[in-house]
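There are 2 protein chains.
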Amino acid sequence: MLQDSDWRYKFFTKRTMGTILTNPATTIAEKLQQKFDSLTRAERQLANSLLDNYPVSGLTSITTVAQNADVSTPTVARMVQKLGFSGYPEFQSALRGELEARISNPIAKHDNWATTAPETHILNRFADAVIENVRQTLGQLDPVEFDGACTMLADKERSVYIVGGRITRALADYMFTHLQVAREKVTLIPSNSNTWPHYVLDMQAGDALVVFDVRRYEHDILKLAELAKERGVEIILFTDQWSSPVSKFATYRFNCRIEVPSAWDSSTATMLIVETMIASVQDRTWNITSDRMEALEKLFDRTKLFRKFI
Amino acid sequence: MLQDSDWRYKFFTKRTMGTILTNPATTIAEKLQQKFDSLTRAERQLANSLLDNYPVSGLTSITTVAQNADVSTPTVARMVQKLGFSGYPEFQSALRGELEARISNPIAKHDNWATTAPETHILNRFADAVIENVRQTLGQLDPVEFDGACTMLADKERSVYIVGGRITRALADYMFTHLQVAREKVTLIPSNSNTWPHYVLDMQAGDALVVFDVRRYEHDILKLAELAKERGVEIILFTDQWSSPVSKFATYRFNCRIEVPSAWDSSTATMLIVETMIASVQDRTWNITSDRMEALEKLFDRTKLFRKFI
DNA sequence: TATTATCTGTAAAATATGTTGCAAGACAGT
DNA sequence: ACTGTCTTGCAACATATTTTACAGATAATA
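Chains E and S, in that order, give the protein sequences.
Oh and the first sequence: position 175 is 160 in the working numbering, straight run, nothing missing.
Oh and the second sequence: position 205 is 190 in the working numbering, straight run, nothing missing.
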């Protein structure tokens, strides 16, 4: 029966626990608790002080830490060495590392996106970068501003104009296509800036102008924004983290992160914000939008442009 | 003496800043975002670096912070003073204070994308859906196929044609704009299908046709794909999870998830794949692409289309 | 284009921080 | 009580950090 081997069981258990407890102390807090028994009086005082409000309390200078724990500075220096760090700076750096891991979004350290591809495959590296862009963009985005812009775009009294630059033209086009379904009085300003004055001519005070401008910021777009602003047009700006100069004319500004491992910039995070904004506008104008969608369906049927498959 | 006007200057400065500050900046992150416009180039760089991995990145020495942001140490010292702190140590102490509040707060709000918006805000719901789309899309994507398509698009012997539908036209446009920089012989087929036969006429066996087709699948695009296929053109298809009928002519097919909480479909996941593909193609054609980019820069300079700000 | 104002990095000074040697103090075992 | 060992803080030293002064660079303006 088990009785006989019982002592062995306990023995091995102890051994096992011993190895667990001596080796893989992942966090400094664990290390402190583990070594607590072997610590001296002053060191225990210090350890308690550190664990209290961990890990922030350890992020001040060694002097301050010592004062908070009511021990001398050398005691701190000696104890962190006991913990296996070369010195206080290294200890602190480890603390920061822990904190970072704890703070950062769990999505960010998703295993692999393309599960059958290696971690270093561009699919995974690119996806990582884009998700990080999304995280940062949304983290910095003010929901009140966002809602404000949506309300403005949902206001059927205002005409809406949309303009993009060399790269962002595609985003402008995309937004236009969807907003056009949601409401009337939406105009896509073409990329040829020669014709822009004609569009400005039609703009009324209170109209909305959606501007896409990321680096390299385009001079003509700045001029257009200025002219529009002078006519009392409200400007909604989509730009990058460095902010287009159009900012100074903008009522609402959205900074989207665009950095990816490539020679140019990513529009995916911006696209996400644009899509969310379209969705939100459609929600607000739903009584109108649903009618328009239905009418659109009928038009499609009559032009036979689309056919239902499957 | 300057003293008199100095006082006024400060007073008005304060007033002006006061209006900006009406929504009180509680955190340093908010302060940074609020003051972003009044910051200089190096300071913006620094602000971005600080917001990146906020607030942990600000808990190192001023030297390290400067290095991470690629600015000089004094720039950091000056900016924290601009933010209203007496010096770097005070700034850091404020950061620690925030962190403490955030850490000790039992409500972990790291789950939300837009941290200041409620979970049910469309920003969070939409982001959740899109990230899930990305996850699923990449999970199902075959890296070998992906690499195959990239190699094909990087082959400078082949001409590349790109075509999109009503909604996906923007994606086609986007891909075209970038591929055109990377290599020659890239053509965007316009959305008006009347002109399509002319394009088919030019297609040679071995050329590549990138087709975007998501629901509602478009009849004309299917026809175009069929004609192209008959001429020996290789087709790369971007479609949704239900697959466009173009599949049967396609050499490579990429199914992208498109479902979001709205009346229409999201293109963000598709955009991500497209961008990754462009990045990969550029990698493969880098010796050519870098030359083209340089030439393009020079052309920009000569046309004065873009101006460098700040 | 020249001029002015502003920005930004280098370098050095001022200050704070971290480390180590040393002696006084605490404590356990004889 | 004595002895030896271990612990602890003081103080000096070495090092790193923060600040300040200055000059070159850059952008804005006329």
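Heads up, the beta-carbon is just placed ideally off N, CA and C, and yes, glycines get one too.
Beta carbon proximity, residue i to chain S, threshold 7 Å
| i | result |
| --- | --- |
| R81(E) | yes |
| I107(E) | yes |
| V41(E) | yes |
| A62(E) | no |
| S247(E) | yes |
| Q52(E) | no |
| L35(E) | no |
| E211(E) | no |
| L123(E) | yes |
| Q315(E) | Chain E is shown only over -14 to 295; residue 315(E) falls outside these bounds and no answer can be derived. |
| L44(E) | yes |
| Q226(E) | yes |
| Q267(E) | yes |
C-beta neighbour in chain E for residue i, strict 7 Å
| i | result |
| --- | --- |
| V115(S) | yes |
| P128(S) | yes |
| Q189(S) | no |
| A112(S) | yes |
| R296(S) | Residue 296(S) falls outside the range modelled here, since chain S spans only -14 to 295, and no answer is possible. |
| L284(S) | no |
| D22(S) | yes |
| E85(S) | yes |
Through-space distance from residue j to residue i, alpha-carbon basis
| i | j | result |
| --- | --- | --- |
| V195(S) | H183(E) | 35 Å |
| L17(E) | S228(S) | 57 Å |
| R81(S) | K20(E) | 27 Å |
| T25(S) | F239(S) | 44 Å |
| K67(E) | R29(E) | 13 Å |
| N118(E) | T255(E) | 9 Å |
| D321(E) | N272(S) | The displayed coordinates of chain E run from -14 to 295. Any statement about residue 321(E) would go beyond what the structure contains. |
| G217(E) | Q189(E) | 7 Å |
| A27(S) | F70(E) | 35 Å |
| E85(E) | R269(S) | 35 Å |
| K170(E) | A280(E) | 16 Å |
| L164(E) | V148(E) | 13 Å |
| R277(S) | V266(S) | 14 Å |
| Y146(S) | A139(S) | 13 Å |
| A79(S) | P246(E) | 34 Å |
| H204(E) | K283(S) | 17 Å |
| P103(E) | T162(E) | 38 Å |
| A93(E) | W181(E) | Caution is warranted here: a pLDDT of 43 is assigned to A93(E), below 50, making its placement in the model unreliable, and no coordinate value can be reported. |
| D22(S) | Q226(E) | 11 Å |
For residue i, three-class secondary structure by DSSP
| i | result |
| --- | --- |
| V196(E) | strand |
| E28(E) | helix |
| R238(E) | strand |
| F70(E) | coil |
| Y39(E) | coil |
| I107(E) | helix |
| T255(S) | helix |
| L126(E) | coil |
| D(-9)(E) | With a pLDDT of only 25 at D(-9)(E), under 50, the local geometry of the prediction cannot be trusted, and the value read off the model is given with reservation. In the structure shown, D(-9)(E) sits in a helix (DSSP, three-state: H, G or I). |
| E215(E) | helix |
| T274(E) | helix |
| I147(S) | strand |
| T49(S) | helix |
| T172(S) | strand |
| E203(E) | strand |
| I152(S) | coil |
| T180(E) | helix |
| D158(E) | helix |
| T58(S) | helix |
| T136(E) | helix |
Expected contact under 8 Å - CB spacing of residue i and residue j to nearest Å
| i | j | result |
| --- | --- | --- |
| V199(E) | T224(E) | 6 Å |
| V56(S) | I47(S) | V56(S) to I47(S), Cβ: 11 Å. No contact. |
| A155(S) | D158(E) | 5 Å |
| Q77(S) | G124(S) | That belief does not hold up - the Cβ atoms of Q77(S) and G124(S) are roughly 42 Å apart, past 8 Å. |
| T136(S) | F111(E) | Rounded, the Cβ-Cβ distance is 17 Å, inconsistent with contact. |
| K208(S) | F234(S) | Not really, about 11 Å apart at Cβ, beyond 8 Å. |
| L126(S) | L108(E) | 7 Å |
Between the region 251 to 264 of chain E and chain S, which residues of the former have a C-beta closer than 8 Å to a C-beta of the latter? Per Cβ criterion, the list reads S251, S252, T253, M256, L257, E260, T261, I263, A264.
Would you list, in chain order, the members of the region 137 to 165 of chain S that have their beta-carbon closer than 8 Å to a beta-carbon of chain E? Result list: R151, I152, R154, A155, L156, D158, Y159, T162, H163.
Residues of the region 174 to 206 of chain E in Cβ contact with chain S at a cutoff of 7 Å, in chain order, please. The residues in question are R201, Y202, E203, H204.
Interface residues of the region 230 to 241 of chain E facing chain S [CB-CB below 7 Å]: Along the region 230 to 241 of chain E, the positions whose C-beta sits under 7 Å from a C-beta of chain S are P230, S232, read in chain order.
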